[in-house]
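Reading through the structure tokens given below for one structure.
Protein chains in written order, with the working numbering: chain U, 119 to 287; chain H, 39 to 159.
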């Protein structure tokens, strides 16, 4: 597989995963681009990794975790210094599509480990073997987490529809 | 493992094509401009602070500012019931410390003064 082909294939998957992970389009772009740049660098220096997708997603996962933590830590400081929070404010949140906002809200309600598994497999389209490799767990454990996350997410989204949120879609 | 739920998720989280193109271009650039590390300004700040501390420690200060400099500027001796105050610093004995109890008048400086204990002005 050519480097450029791999990058083009992985880009939308990484970006979707990063949006689901961070809930912020700008931050997601930063995460996805860092992961792809790391893959490109690795590829050019030492050849392609065993599984380019697993490599890129592992980088994206670490990077997203660090950026989210950094944001949470710096939020009070930013608010204090210039009254601006790095987290999306009400205006920014309002500009997110209603559907995306609902999906992100439902994702937030999932247990962290289940959400991560679902984002990698369901959103990032990683295979169970690659997903398990990124998370450092066995394939059956990954399948169990994904199954649990799907079931719970379905429930959450249906509950919202029944509550009358869905008619604006 | 693909299901309808995954499909809905992917549709909801679908990025804009221009964003995808942007990150592809950014990643494939031959030399990606590295973001300036936050460690650089921190290290520069620490180095500047260390330089300031070193400068403060190494700068020679007037003797009067240190405890050591204050020592031995005036010697006080008791010779046969007479207290002698002698100024040690400066050239030719330095300035007078005490001048017969009267400011501005008195004998020319000689480097020492005799104070008579219990005498009248």
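The beta carbon of each residue, even a glycine, is placed where N, CA and C say it ideally should be.
Contact set for residue 121 of chain U: own chain, Cβ-Cβ below 6 angstroms, skip 5 residues either direction
Taking the first residue of the first chain as 1, we reach residue 121 of chain U at position 3. Cβ within range, chain order: 161.
Do the CB positions of residue 271 of chain U and residue 228 of chain U come within less than 8 angstroms of each other?
Counted from its first residue, the first chain places residue 271 of chain U at position 153. Counted from its first residue, the first chain places residue 228 of chain U at position 110. Against a cut-off of 8 angstroms, the Cβ pair of residue 228 of chain U and residue 271 of chain U comes out as a contact.
Looking at the unbroken alpha helix (DSSP H) that takes in residue 118 of chain H, where does it start and where does it end?
For this step, residue 118 of chain H is matched to residue 80 along the second chain. Neither: residue 118 of chain H is in no alpha helix (DSSP H) and is coded neither H nor E.
Strand pairing of residue 113 of chain H, partner residues [DSSP]:
In the second chain, counting from the first residue as 1, residue 113 of chain H sits at position 75. H/124.
Please go through the same chain and pick out, in chain order, the residues whose beta-carbon is closer than 6 angstroms to the beta-carbon of residue 125 of chain U, but skip the five residues on each side of it.
Along the first chain, one-based indexing puts residue 125 of chain U at 7. Same-chain partners within the cutoff: 154.
What number of angstroms, rounded off, separates the C-alpha of residue 269 of chain U from the C-alpha of residue 78 of chain H?
Position 151 of the first chain, counted from the first residue, corresponds to residue 269 of chain U. Position 40 of the second chain, counted from the first residue, corresponds to residue 78 of chain H. Their backbone Cα atoms lie some 47 angstroms apart in a straight line.
Which whole-angstrom value describes the C-beta separation of residue 145 of chain U and residue 224 of chain U, a residue pair presumed to lie in contact below a C-beta threshold of 8 angstroms?
Here the question's residue 145 of chain U lines up with position 27 in the first chain. Here the question's residue 224 of chain U lines up with position 106 in the first chain. No, residue 145 of chain U and residue 224 of chain U are not in contact; Cβ-Cβ is about 19 angstroms, not under 8 angstroms.
Rounded separation between residue 254 of chain U and residue 179 of chain U - CA only:
As a first step, residue 254 of chain U must be located in the first chain, where it is residue number 136. As a first step, residue 179 of chain U must be located in the first chain, where it is residue number 61. Near 12 angstroms, if we compare the C-alpha coordinates of residue 179 of chain U and residue 254 of chain U.
Chain U within 8 angstroms of residue 79 of chain H, Cβ atoms only
Taking the second chain and counting its residues from 1, the one referred to as residue 79 of chain H is at position 41. It does not; no Cβ of chain U falls within 8 angstroms.
Closer than 8 angstroms, Cβ to Cβ, to anything on chain H: give me those residues from the stretch 170-193 of chain U, in chain order.
none
Check this for me: beta carbons of residue 149 of chain U and residue 185 of chain U, under 8 angstroms apart or not?
The residue labelled residue 149 of chain U in the question sits at position 31 within the first chain. The residue labelled residue 185 of chain U in the question sits at position 67 within the first chain. Yes, they are a contact pair.
Given 8 angstroms as the limit, is there contact between the stretch 167-183 of chain U and the stretch 237-254 of chain U, that is, 3 or more CB pairs closer than that?
yes
What's the C-alpha gap between residue 127 of chain U and residue 252 of chain U?
Here residue 127 of chain U is taken as the residue at index 9 of the first chain, counted from 1. Here residue 252 of chain U is taken as the residue at index 134 of the first chain, counted from 1. One C-alpha to the other measures close to 18 angstroms.
Closest by CA to residue 47 of chain H, which one among U/164, U/137 and U/129?
Taking the second chain and counting its residues from 1, one reaches residue 47 of chain H at position 9. Selected option, being the one with the closest Cα: U/137.
Evaluate residue 141 of chain U with the Cβ neighbour count: other Cβ atoms within 10 Å of its Cβ, from every protein chain shown; 16 or more gives buried, anything less gives exposed.
As a position in the first chain, residue 141 of chain U is number 23, starting the count at 1. Residue 141 of chain U should be labelled buried.
Flag residue 99 of chain H as yes if its beta-carbon sits less than 8 angstroms from any beta-carbon of chain U, otherwise no.
Locating residue 99 of chain H in the second chain gives position 61, where the first residue counts as 1. Not one chain U Cβ lies under 8 angstroms of residue 99 of chain H.
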